[in-house]
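Position 112 of the sequence shown, counted from 1, bears residue number 112 in the UniProt record's numbering, the numbering being contiguous throughout. Don't be surprised by glycine CBs; every beta carbon is placed ideally from N, CA and C.
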Amino acid sequence: MSTAKTNPVVLVTGGSAGLGRVIATTFASAGYRVAIVGRNQERLESARSAIGTTEQTLCCAADLTIEADAVRTIRQVGDHFGRLDVLVNCVGTSDRGAIENLTSERMIDLVEQNVCTTLHCSKAALPLLEESSGVIINIGSLAAKVGTRYLGGYCIAKHALAGMTQQMRLEWLSRGVHVGLINPGPIRRDDEGSRYQSKLDGNIPVEASRPGGGTKVKGLAADEVAAIVLDCVRRRRPDVILPRYLRLLITLGNLSPRLGDWLLLKFSSSK
Ligand SMILES: NC(=O)c1ccc[n+]([C@@H]2O[C@H](COP(=O)([O-])OP(=O)(O)OC[C@H]3O[C@@H](n4cnc5c(N)ncnc54)[C@H](OP(=O)(O)O)[C@@H]3O)[C@@H](O)[C@H]2O)c1
């Protein structure tokens with residue numbers, strides 16, 4: 001599909017694989033000009049072909065845990081397209097393990113991947129997004145809303161991301177920039193099950209290697225999540241939980257922590 005020079009521009013971090021790649025493809029199909037970021041150039045090139053707008057997609061190789069890389073990436077997007085309308089912060093890494101085995105080094109690594117990458121890109125993109133009255137969407141997780149068992153340091157990192165997203169939304173509202181958080185449950189993927197096998201230790205059940213740490217919540221399709229990201233940009237929605245019925249259960253759990261714990265024990269892996 002060919003996109004005109006006046007069409008809006010989206011930057012998807014982590015757009016070279018997984019959910020980010022599907023989000024980039026969805027925005028390209030909706031007429032956006034697309035930029036993607038990842039560390040590995042080969043993966044970026046293969047994503048560029050998959051996205052389907054080969055000549056127009058800008059690939060930026062960068063490690064976004066490094067602030068200077070994020071600044072350089074945003075400058076590259078500004079120079080190339082002359083504008084930025086949407087930033088989707090999708091870089092993030094999950095984890096597995098019992099909390100008693102979580103080291104502060106691992107926790108810091110997860111915060112760098114899930115929080116600092118988003119902070120770096122959002123700060124750097126703010127001037128361009130102010131010009132376009134644009135939107136930032138941060139990709140959270142159910143782990144941003146509840147403290148599920150056996151997810152190592154993932155819940156810590158995603159809860160921090162959720163707090164940071166709300167603070168950004170409130171502080172940047174008067175500057176015309178909307179900041180939203182999408183919290184998907186487990187997403188179906190080809191390598192599910194094997195992805196976290198090496199992280200399992202004797203303290204956690206084998207099913208914790210499955211998406212969502214073995215939760216009984218049914219896996220989402222990545223293109224379904226991507227369509228909701230696009231809808232959230234259009235409607236400037238603040239906070240979405242997927243599947244949607246879980247918002248009610250999470251709200252009930254916040255009202256009654258005892259019930260919240262009971263629901264989590266019932267819906268997550270057993271030991
Ligand atoms: N998968 C799920 O079931 C699920 C569920 C809920 C929420 N989420 C969230 O959705 C997001 C995407 O997850 P995913 O499983 O689809 O991810 P993924 O398949 O592991 O892909 C991660 C992407 O981020 C890039 N990346 C990683 N670290 C980077 C860094 N430091 N700088 C720049 N790029 C980096 C990777 O490319 P390189 O490796 O080449 O850098 C890749 O393009 C994450 O935030 C995750 O927490 C996922």
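- Annotation for THR117 indicates a beta carbon within 7 Å of some heavy atom of ligand 1.
- Taking one beta carbon from each stretch, the segment 84-98 and the segment 111-123 have 3 or more pairs nearer than 8 Å; the two touch.
- Distances from the CA of ALA221 to each of VAL22, VAL115, ASN101 were compared; the closest alpha carbon is that of VAL22.
- With fewer than 16 other CB atoms across the displayed protein chains lying within 10 angstroms of its CB, ILE108 is exposed.
- In terms of CA proximity to THR65, THR117 leads the group PRO205, THR117, SER94.
- Within the chosen limit of 7 Å, ligand 1 does not reach the beta carbon of CYS121 with any heavy atom.
- Counting every other CB atom within 10 Å of its CB across the protein chains shown gives GLY163 a total below 16, marking it as exposed.
- With respect to the 8 Å criterion, ILE139 and GLY92 are classified as neighbours on the basis of their beta carbons.
- Straight-line spacing of the CA atoms in VAL71 and PRO186 works out to 31 Å.
- When distances are taken from the beta-carbon of ASP63 to the heavy atoms of ligand 1, the shortest one is below 7 Å.
- The segment 94-110 and the segment 136-156 touch, with three or more beta-carbon pairs separated by less than 8 Å.
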